[in-house]
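What follows is one structure encoded as structure tokens, with my remarks underneath.
Number of protein chains: 4
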Amino acid sequence: MSPDEKTYLVTVDEGRRMGTHLGDLLLENAIGMEYGSVLQTTLLHPFILLEPTIEDRMMKVKRHTQIIYPKDAALIVLKTGLGAGMRVIECGSGSGALTIALANAVAPTGKVYAYDRNEKFMENARKNVENAGFGAFAEFKLREAQDGFDEEGVDAVVLDLPSPWDGIASASRALKGGGRIASLSPTYNQVERCVEVLAEEGFVYIETVELLMRNIRVSTGKTRPVDRMVSHTGFLTFGRKALKKIASKTSDTDSDDTD
Amino acid sequence: MSPDEKTYLVTVDEGRRMGTHLGDLLLENAIGMEYGSVLQTTLLHPFILLEPTIEDRMMKVKRHTQIIYPKDAALIVLKTGLGAGMRVIECGSGSGALTIALANAVAPTGKVYAYDRNEKFMENARKNVENAGFGAFAEFKLREAQDGFDEEGVDAVVLDLPSPWDGIASASRALKGGGRIASLSPTYNQVERCVEVLAEEGFVYIETVELLMRNIRVSTGKTRPVDRMVSHTGFLTFGRKALKKIASKTSDTDSDDTD
Amino acid sequence: MSPDEKTYLVTVDEGRRMGTHLGDLLLENAIGMEYGSVLQTTLLHPFILLEPTIEDRMMKVKRHTQIIYPKDAALIVLKTGLGAGMRVIECGSGSGALTIALANAVAPTGKVYAYDRNEKFMENARKNVENAGFGAFAEFKLREAQDGFDEEGVDAVVLDLPSPWDGIASASRALKGGGRIASLSPTYNQVERCVEVLAEEGFVYIETVELLMRNIRVSTGKTRPVDRMVSHTGFLTFGRKALKKIASKTSDTDSDDTD
Amino acid sequence: MSPDEKTYLVTVDEGRRMGTHLGDLLLENAIGMEYGSVLQTTLLHPFILLEPTIEDRMMKVKRHTQIIYPKDAALIVLKTGLGAGMRVIECGSGSGALTIALANAVAPTGKVYAYDRNEKFMENARKNVENAGFGAFAEFKLREAQDGFDEEGVDAVVLDLPSPWDGIASASRALKGGGRIASLSPTYNQVERCVEVLAEEGFVYIETVELLMRNIRVSTGKTRPVDRMVSHTGFLTFGRKALKKIASKTSDTDSDDTD
């Protein structure tokens, strides 16, 4: 991290030199240093060595696609109930940012089965996940969502697809009873159809939410929200697999007052 | 889960009978059933057996205090970079809801050191965490934040205190270099002082955010956000421990246009 | 206004006595008093006489329908460019709350033509508008939106209908060139179809917004947003009438990244 | 308005030629045209003639300062209860955008008394208000807020000051009983002190809100909120002048749960 709080995700190697706007860093000097220590640039600016968090690793993946935001990934991990040892299918793994968060959640004894239909994306995601140190916990597969998944009895399925409904029947077959599904979509139209198909396939406890994150500029005597924010990343839809279809009320939890 | 989507967190025992608004459930009939199966009440209403997620366990703790919301807990876990095997201090463990989320994140080889100054709260939290099945991953201690923590070199510290600044020096001593801190506070005044003290104590990469979660009522042809929402749970402040104090710009990331 | 900030909208008459939770008010004692003065109850609690604002009058109408929120009414008045002397059609006048805001904006020389298809609602709205002192600036008519409006060359049309598209062709005929239209709807589905029909009918500069209002609980040393808020009242769609149809881009102002 | 929805606020004069990214417009050709008509550029692109609304006029003022957003101006007009014939003081008139909205609200028989302490700003604001056609309804004065206002018995006072508390005593003296005050500030610290001083000066019914406006990108089959939004413009504080000071509870309307 530079003194002006720019961060760089780098591997420290012998002889490696990294250029910055505040001078060059001789990375091999960092070998043996503790995290939190200061490494000076050739222009004597103090950079701080920080251990990358999951969020750092997600945000720094090499991107071929729009990546999922950490706030959304965090809620998906929590709401699908992931923990060490679980098995989760991710369909539409894109650049692998979410794959990293899922792999971290199920490590050291679980596994992420990461499907994508685009080979170039898949290879990039695989590299990103390996670079983040989670290669052992993820298996990548080239497949269309509607062609089904190889796994059975998985704990959760996460869909990040333009047509999430294409993956719902496949997800249902792969999930164990009571298993959780999560789907991320930017438009209302996708959400509406996704929820319809989830209900048709017998999923229950369906809910859709959106998360807004607003940064606060904290400064003594003049604390205030920042001027601009990301106002939309996507809607998150969650559900659980029932073994037997019963009448569901979907997420119609309010009184009906649409006009 | 009842047909109208009420959920109950219960332990299935022989001879146990649970009353609901739709008739009684004979819980022992659930023994041997797969999750996702239907269990009928004495009035023949179909309830679905669901495996509790971390969110379910958090929301159903016996409460002596306001609990942290899942959306906030999820972001704290992600931003503090928790994963299997890590050691984390939680100060102000309250009813133990966040303790459960932290324990799940560091299991099966890590540990949560959960401090609280109120013995009654601590005992309730301990029971809640044990009931959730995470007793092996949490250690409870009765202590004031300013009296210091027993641990050294921990990966992260989470503060949920009325005066979070009371715990910052203690946190700094307990954290490893580059270790992460998170603090949750409902008021701007708390956040302002917390950020001041974090900067004084040499923390860097300080940022404060708030998360708003809005539920969407999805219903074919009449999809809309729900009418009312929780508009504030708390501000979340994050930082990382530098070993050497350098000039920090705190979270003043915007241009200065307060008037 | 009571000492605990409850407000009552009342007409002061001789002999009138009003019961409150803090004792009775003898309203005739208020005759001749200046606004801002204190009137005591029979139990000696101090109530303050306040002149009702437009917002007060809107919020206190006798309701037969869901009323429009002041924040939305305010934006409609601004974005339709209303001012003294203008003529505006309101279709779906409901309980007349918005009618009051529109009448105030065009008084003392303009007029609101308030259409509704429900006679009972219309009579209630008429009474509410008269009680608010704006009877001279509003004309009520019983009519379905698709049956057309009697006026021509009006400055603006405001639609508050379950099927706003039913009123768009009628609005177009009634509006002057460049005249403004506003439509309020709670669901995405309504908004989507409304915008389609607006574009088909040649409206331009179409935009849709939602307004969220969050109250702040200001208290020295513990200032924070309130816990709960109204998260959705409706989407507001605006447009302007072009005399000649040109290719419009509707409100597609972002880059296209829906998947 | 250009075919790609860029808007220009221009005065149509004989011989005037305006360059655009789509060719030149010969503005004199617009003389005698109805609003809503099409005017072609020299490159044959169709521009539409639109009558400027109050919002258009506000957004197009020549700026020497940050201007108030229309959403906030609209709520201020509504909550201060402005209407034709009222007299309102604005202190901190900046570039005059809010002055235009206030003048429109009180025209044709009311008046805005617009104070600013910066002569250059004041002259710019005066020109902006005159260009918008509201010169007759605004009077500009060079003055510090704490030096008092010349008017008495005004209906409302609007403060847009870095130190709004400097203007509260002056506002109180100028307001009629029950008169409304509004103050706009970007930081919590300003709001906190402003509310304290309002309560000390005997104002009642004090409330603070923030308005968030989110644009929706409506497009058949892929409707969604836009990606980015303005997340903060300012907090709006409102109050009413009581003639006698009584114990006030300020805006502490929630239960007290700050820890």
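Residue numbers (the working numbering), protein chains in the order written: chain A, 1 to 259; chain B, 1001 to 1259; chain C, 2001 to 2259; chain D, 3001 to 3259.
For each residue, glycine too, the CB sits at the ideal point set by N, CA and C.
- Within 10 angstroms of the beta-carbon of C/D2013 lie fewer than 16 other beta-carbons, which makes it exposed.
- Boundaries of the alpha helix (DSSP H) harbouring B/S1170: I1168 to A1174, taken from the DSSP string.
- Separation of D/H3064 and B/D1147 (C-alpha to C-alpha, rounded to the nearest whole angstrom) is 53 angstroms.
- Judged by their CB atoms, C/T2042 and C/G2019 are not nearer to each other than the 7 angstroms cut-off.
- Residue burial is scored here from C-beta neighbours: D/D3004 has fewer than 16 other C-beta atoms within 10 angstroms and is therefore classed as exposed.
- Taking 8 angstroms as the Cβ-Cβ cut-off, the segment 2048–2078 of chain C approaches chain D at I2048, L2049, L2050, E2051, P2052, T2053, I2054, E2055, D2056, P2070, K2071, A2073, A2074, L2075, V2077 and L2078, given in chain order.
- Between D/I3068 and D/A3097, the C-beta gap is smaller than 7 angstroms, which places the two residues in contact.
- Taking 7 angstroms as the CB threshold, A/V218 lines the interface with chain B.
- Residue range R1087 to C1091 is occupied by the beta strand (DSSP E) that includes B/I1089.
- The alpha-carbon of A/L236 is positioned some 47 angstroms away from that of C/E2130.
- DSSP places B/Y1113 outside any alpha helix (DSSP H); the residue lies instead in the beta strand (DSSP E), whose first and last residues are K1111 to D1116.
- Secondary structure of A/E200 (DSSP, three-state): helix.
- Contact between the segment 208–217 of chain A and the segment 1206–1215 of chain B is present: three or more C-beta pairs spanning the two stretches fall below 8 angstroms.
- Taking 8 angstroms as the cut-off between beta carbons, the residues of the segment 3093–3105 of chain D near chain C are A3101, N3104 and A3105, in sequence order.
- For B/E1207, the C-beta contacts it makes with chain A under 7 angstroms involve N215, in order along the chain.
- At a cut-off of 7 angstroms, the C-beta of D/M3033 has no neighbouring C-beta in chain A.
- Residue state for B/G1135 is assigned as helix, using DSSP reduced to three classes.
- At least one CB of chain A lies nearer than 7 angstroms to the CB of B/A1242.
- Note on D/A3105: 16 or more other CB atoms within 10 angstroms of its CB, so buried under the neighbour-count rule.
- Contact residues of the segment 2164–2190 of chain C toward chain B are P2186, T2187, Y2188 and N2189 (C-beta to C-beta distance below 7 angstroms).
- Counted as a single uninterrupted DSSP element, the beta strand (DSSP E) harbouring B/V1038 occupies residues V1038 to Q1040.
- Taking a beta-carbon distance threshold of 7 angstroms, C/P2108 counts as an interface residue toward chain D.
- The alpha carbon of C/G2135 has as its nearest neighbour, out of C/P2164, C/A2199 and C/I2100, the alpha carbon of C/I2100.
- DSSP, read as helix, strand or coil, puts A/F238 in strand.
- Counting only runs of at least 3 residues, the segment 1032–1081 of chain B fully encloses the following beta strand (DSSP E) elements, listed from N- to C-terminal order: 1038–1040 and 1046–1048.
- Assignment of B/L1009 by DSSP, reduced to helix, strand and coil, places it in the coil class.
- Each residue's CA atom was taken as its position, placing B/G1092 and D/Q3066 some 43 angstroms apart.
- In chain order, G92 and L184 place their CB closer than 6 angstroms to the CB of A/D160, counting only its own chain and leaving out the 5 sequence neighbours on each side.
- Under the three-state reduction of DSSP output, D/R3017 falls in the strand class.
- The C-beta of A/H21 comes no closer than 7 angstroms to any C-beta of chain D.
- For the pair C/L2009 and C/T2109, the Cα-to-Cα distance works out to about 26 angstroms.
- Take B/K1141, set aside five residues on each side of it, and the residues of its chain with a beta-carbon closer than 6 angstroms to its own are Y1115, in chain order.
- The Cβ atoms of C/R2228 and C/G2178 lie no closer than 7 angstroms to each other.
- Not a single CB atom of chain A sits nearer than 7 angstroms to the CB of D/H3045.
- Put simply, the CB of C/D2004 is far from chain B, with every gap to its CB atoms at 7 angstroms or more.
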